[in-house]
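Using our numbering, read the sequence shown as starting at 216 and increasing by one per residue.
Just so it is clear, CB atoms sit at the ideal spot from N, CA and C, and this is done for glycine as well.
On a predicted model such as this, the values are computed, not experimentally measured, just so you know.
Note sheet for the following structure.
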Amino acid sequence: MLTSSDIQGVRAGLLSDSSVAALAETFKVLGDTTRVRILDAVSRTELCVGDIAELLELTESAVSHQLRLLRGARLVRPRRAGQQIFYTLDDNHIVRLFAQGLEHVQERGRPS
């Protein structure tokens, strides 16, 4: 059992309330299968809304709605090319988060 001093030391290193809230929100956004499928698709190459809709057999409206949430959570980023907007994972942190999440699921013997 930890001493009072040990408890204080651990408590001092705990995440701030704002960090806890931000992390929980990120995982909440990741808790939707459609959004995970979109992240999987854009982790492979830049895609526009129409491409994502076709790949995942969704409406463009549904894809746009999910991309808005993913952008809000800073999981994907847009790149405009003329009239088209292409999406990809936001940065290397998200690439690693997605890859490590997948590795975790696969090592537990769950379906890939």
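Give, in chain order, every unbroken run of the alpha helix (DSSP H) that is at least 4 residues long and sits entirely within the segment 236-283.
-> Listed in chain order, they are 248-259, 264-271.
Quick check: the segment 278-290 against the segment 249-267, are there 3 or more CB pairs under 8 Å?
-> yes
Hey, would you say residue 241 sits closer than 8 Å to residue 288, going by beta carbons?
-> yes
Give me the Cβ distance between residue 257 and residue 225, rounded to the nearest whole Å; I'm assuming they're in contact under 8 Å.
-> No, residue 257 and residue 225 are not in contact; Cβ-Cβ is about 38 Å, not under 8 Å.
Whole-number beta carbon distance between residue 271 and residue 252, since they are thought to touch under 8 Å = 5 Å
Whole angstroms is fine: what's the gap from residue 273's alpha carbon to residue 234's?
-> 33 Å
Helix, strand or coil for residue 290, going by three-state DSSP, please let me know.
-> coil
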